[in-house]
Amino acid sequence: MTLSLRGVTKTIPLGDGRQVDLLRNVDFELGPGDSVSVVGRSGSGKSSLLNILGLLDQPTGGSVELDGQSLLGLPDRKLSMIRGRHISFIFQQFHLLPRRTALENVWTPLAHIRDRALWRQRRELAARALARVGLAGKEDAVPETLSGGEQQRVAIARALVHRPRYVLADEPTGALDGETAHGVMDLLLDVTRSQRAGLVLVTHDVQHAMATDRQFRLNEGTLAPLVPEGSTR
Amino acid sequence: MNSALPLLSSAWRELRVHRVRSLLAGLSVVIGVAALVAVVAMGDLGRAAVQEQVERTVGRPATLSVDLTANGEQTASRTSVDDNAEWIRTLGVRALSRVESRQVQLDAVEPSSAGPLGTTVMGVDAGYGSVKRMDLLAGQWLPEGTPAPWAPPLYLNAEAAAHFGGEHEALGSRLSLAADLPTQGIVLGVVDDSRGEPVAYTDIRSLRKWYSESTAPETAEILMTVRPADTEQVTSAVLHHLGAAGLTGGERVHRVDDFASYERILKLLQAVLGAIAGISLVTGGIGLMNLTLSQIQSRVHEFGVRRAFGASQSHIFAIILWESVILTAVSSLLGTVLSAGIFNAVLATVPEFSGGIQFPVTAALIGSSAAVLIGVASALVPALRAARLDIIRAIRT
Ligand SMILES: Nc1ncnc2c1ncn2[C@@H]1O[C@H](COP(=O)(O)OP(=O)(O)OP(=O)(O)O)[C@@H](O)[C@H]1O
Ligand SMILES: [Mg+2]
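Protein chains in written order, with UniProt numbering: chain A, 1 to 233; chain B, 1 to 397.
Right, here's the structure in full:
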């Protein structure tokens, strides 16, 4: 049960007709219960890496594999099914659905998993997930009335309600102030650990990065283990 | 597939989230379906009104008149009328009546303020009430198959009854007839025959007693109603029979209810109204397509998020289609219920037609299915677009 990238390359066009390699021959592996963080300059391609890992985008070269099986070339229906069951996202901008209650937002993944039993239990499952992130009592609140920290906690509940194997979080605290950010980060690590979900955390905050098991830096298209400041190699 | 239930439920929920848009789109469907039903109902109502008028004044379809006037005679002889009527009855027509009409003065026997009334008196058989469409306003109509009544019965139409104080006043009153043999009759019934001028009906056997055969009546003929499909067959049989008796020449048998000419006008009217209804449906459909397209623009973010959480392209496609189907189906139902309510309310104001026409169920069904089809058609392009959205760009919007 490993999600991996094998020699992944992503080439993007620059406006003037030239191309640039955003990702170069990236190898990456994420097992169940792993927690990994990725840091890097703005524009270094961290989000692009997550999008490819989360099957939202296709690499230019190399392959994305689940348990050693390449997922490239699978039809949309299959990819969507794998994404819906096994991979979840947490975004910097929360991306909750406006005007839908917290409960409805949380059960969004259940609507797209072809599993009738899960759909019937959506209220209990969503309510439990909300309680888990400390938002019991906010079931009927719409995102417009929630604070940034609360919205991100709803998003965490949404990402974990169907117990996915992998959670891909792209600067989940980037839009939150320091104290709130720490609270949300602790919660995210706690919840993914207790569900034994693999976590990829993209962050600018080294302190947050250090809370994960492994750390990587994305630089000039290359993914390398993060070398602590001051040490030489 | 296991996915229909969540999709349906999500579609329903999304319709409620986008309440204003749904209401607007639904309204156009409600109005479209109601307009279609109204237009068809109007056509039906007009048709029923015209048909009723035709049936009252000239007879039900198909009514044939038989002219038995021999050469040199002014009108047909009594024996010719009787003999031929008897023969024609053996053909098994729906209804038949001998008809003899004369002009006469009617006057109240008891002193009254109403003066004498110059009127047409028509001697008929009971079947006359079936040949023509008449409504009984009071009393009764000539009974079928009884011996000639000793007290001459009179049946006034509404116009004649009005002269003698109205239908209830006139009923049971005794009137004198200034016939060859002056006589008195009792008013046993009042009918509405839509003639617009006073007429008194009586048993043809009574009428004949009051006049000698040498005073020719104004008209003498046989009227009958046959199944419209049998018209030609009956006509040729009767013509053949008359020809054998030397009654040839002229248009001896002719159809008097020319509903066909009205039919053409009605068909035209219905075509025009139908075109209007069709245009309103198409206009509604274009409006619906417009609304659906513009809502896709405003829902790009939502579709992106759903895709990220496992919705396949076909899921997104299905959600939009289902939304449109639910919206148009529910709106059609509303439109049908609404127009049925209006239909009944309008019909209550014209009770005389209430028997003749019914709520145009077919039109409601056609309108509703057309609305759902238009809903699906107008959702196809937007649904396809939404399904093909680039997920990452969609989430960022
Ligand atoms: N499909 C694409 N077409 C063109 N340019 C792209 C595409 N995808 C990404 N880019 C560009 O590649 C660069 C890297 O983008 P990406 O979002 O991956 O960086 P990032 O490391 O997440 O940056 P940040 O820390 O600011 O979020 C950006 O300049 C972006 O505009
Ligand atoms: Mg980024």
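Positions of the beta carbon are idealized from the N, C-alpha and C atoms, including for glycine.
Leaving out five residues on either side along the sequence, give the residues of the same chain with a beta carbon under 7 Å from the beta carbon of residue i.
| i | result |
| --- | --- |
| A/Asp-27 | Leu-5, Arg-6, Gly-7 |
| A/Gln-151 | Phe-94, Leu-96, Pro-143 |
| B/Arg-89 | Leu-96 |
| A/Ala-141 | Thr-101, Ala-102 |
| B/Glu-213 | Arg-78 |
| B/Leu-239 | Arg-252, Val-253 |
| B/Ala-11 | Ile-319, Trp-322, Glu-323, Ile-326 |
| residue 435 of chain B | The requested residue 435 of chain B does not occur in the structure, where chain B is confined to residues 1 to 397. |
| B/Met-1 | In this prediction, B/Met-1 scores a pLDDT of 44, lower than 50, which makes its location untrustworthy; no coordinate-derived value is stated. |
| A/Thr-9 | Asp-21, Leu-23, Arg-24, Asn-25, Pro-59, Thr-60, Gly-61, Gly-62 |
| B/Glu-197 | Glu-159 |
| B/Leu-291 | Arg-21, Leu-24, Ala-25 |
Which of helix, strand or coil does DSSP assign to residue i?
| i | result |
| --- | --- |
| B/Glu-213 | coil |
| A/Val-202 | strand |
| B/Met-134 | coil |
| B/Phe-309 | coil |
| A/Gln-92 | coil |
| B/His-254 | strand |
| residue 238 of chain A | Shown here, chain A extends from 1 to 233; a query on residue 238 of chain A therefore has no answer. |
| B/Phe-303 | helix |
| A/Val-227 | coil |
| B/Pro-149 | coil |
| A/Glu-65 | strand |
| A/Arg-233 | Caution is warranted here: a pLDDT of 47 is assigned to A/Arg-233, below 50, making its placement in the model unreliable, and no coordinate value can be reported. |
| B/Val-190 | strand |
| B/Ala-318 | helix |
| B/Gly-185 | strand |
| B/Ser-206 | helix |
| B/Asn-290 | helix |
| A/Thr-222 | strand |
| B/Leu-142 | coil |
Leaving out five residues before and five after residue i in sequence, what residues of the same chain have Cβ atoms less than 6 Å from its Cβ?
| i | result |
| --- | --- |
| B/Asp-135 | Asp-192 |
| B/Ser-331 | Gly-26, Val-29, Val-30 |
| B/Ala-62 | Val-226, Pro-228, Thr-231, Arg-255 |
| A/Asp-21 | Thr-11, Gly-221 |
| A/Met-185 | Thr-173, His-208 |
| A/Leu-125 | Val-161 |
| B/Met-289 | Ser-378 |
What span of residues does the beta strand (DSSP E) with residue i cover, start to end?
| i | result |
| --- | --- |
| B/Gln-103 | 95–108 |
| B/Ala-220 | 219–225 |
| A/Ser-35 | 35–40 |
| B/Met-122 | 117–124 |
| A/Ile-12 | 3–13 |
| A/Leu-168 | 166–170 |
| A/Asn-219 | 214–219 |
| A/Ser-44 | No beta strand (DSSP E) contains A/Ser-44, which DSSP labels as neither H nor E. |
| B/Leu-175 | 174–177 |
Report all residues from its chain with a CB closer than 8 Å to the CB of residue i; omit the five preceding and five following residues, and keep chain order.
| i | result |
| --- | --- |
| B/Thr-397 | Val-300, His-301, Gly-304 |
| A/Val-133 | Arg-153, Val-154, Ile-156, Ala-157, Leu-187, Val-191 |
| A/Pro-225 | Arg-214, Gln-215, Phe-216, Arg-217 |
| B/Leu-333 | Ser-368 |
| B/Ser-314 | Ala-387 |
Under 8 Å from any heavy atom of ligand 4, does the C-beta of residue i make it?
| i | result |
| --- | --- |
| A/Gln-93 | This structure lacks ligand 4; its bound ligands are ligand 1 and ligand 2. |
For residue i, report the span of its alpha helix (DSSP H) as first-last.
| i | result |
| --- | --- |
| A/Gln-19 | Careful: A/Gln-19 lies outside any alpha helix (DSSP H), inside the beta strand (DSSP E) at 19–30. |
| B/Gln-51 | 19–57 |
| B/Ile-88 | 78–89 |
| B/Val-66 | Run containing B/Val-66: none in the alpha helix (DSSP H); it sits in the beta strand (DSSP E), 63–67. |
| B/Asp-203 | From DSSP, B/Asp-203 is part of no alpha helix (DSSP H) but of the beta strand (DSSP E) over 199–203. |
| B/Ser-378 | 361–387 |
| A/Glu-139 | Counting along the chain, A/Glu-139 falls outside any alpha helix (DSSP H), and DSSP gives it neither H nor E. |
| B/Ser-112 | No alpha helix (DSSP H) contains B/Ser-112, which DSSP labels as neither H nor E. |
Worksheet item: At a Cβ cut of 8 Å, what residues of the region 305–326 of chain B count as close to chain A, listed as they run along the chain?
Response: Val-305, Arg-306, Arg-307, Ala-308, Phe-309, Gly-310, Ala-311, Ser-312, Gln-313, Ser-314, His-315
Fill in: Chain-ordered list of residues that sit, by beta carbon, closer than 5 Å to a heavy atom of ligand 1
A/Ile-12, A/Ser-42, A/Gly-43, A/Ser-44, A/Gly-45, A/Lys-46, A/Ser-47, A/Ser-48
Item to complete: Pull out every residue of the region 276–310 of chain B whose Cβ sits closer than 9 Å to any Cβ of chain A, in chain order.
Response: His-301, Glu-302, Gly-304, Val-305, Arg-306, Arg-307, Ala-308, Phe-309, Gly-310
Discussion item. Can you pull out the residues from the region 30–59 of chain A whose beta carbon lies closer than 8 Å to at least one beta carbon of chain B?
Written reply: Asn-51, Gly-54, Leu-56, Asp-57
Item to complete: Using a Cβ-Cβ cut-off of less than 9 Å, list which residues of the region 84–99 of chain A approach chain B; keep chain order.
Response: Gly-84, Arg-85, Ile-87, Ser-88, Phe-89, Phe-91, Gln-93, His-95, Leu-96, Leu-97, Pro-98, Arg-99
Worksheet entry | Members of the region 11–24 of chain B near chain A, C-beta cut-off 8 Å | Arg-13, Val-17
Worksheet entry | chain B contacts made by the region 137–151 of chain A, where a contact means CB separation under 8 Å | none
Worksheet item: What residues from the region 100–128 of chain A come within 8 Å of chain B, judged by C-beta to C-beta, listed N to C?
Response: Arg-100, Glu-104, Thr-108, Pro-109, Leu-110, Ala-111, His-112, Ile-113, Arg-114, Asp-115, Arg-116, Trp-119
Worksheet entry | Selection of the region 62–80 of chain A by Cβ proximity to chain B, strictly under 7 Å | Asp-76, Arg-77, Ser-80
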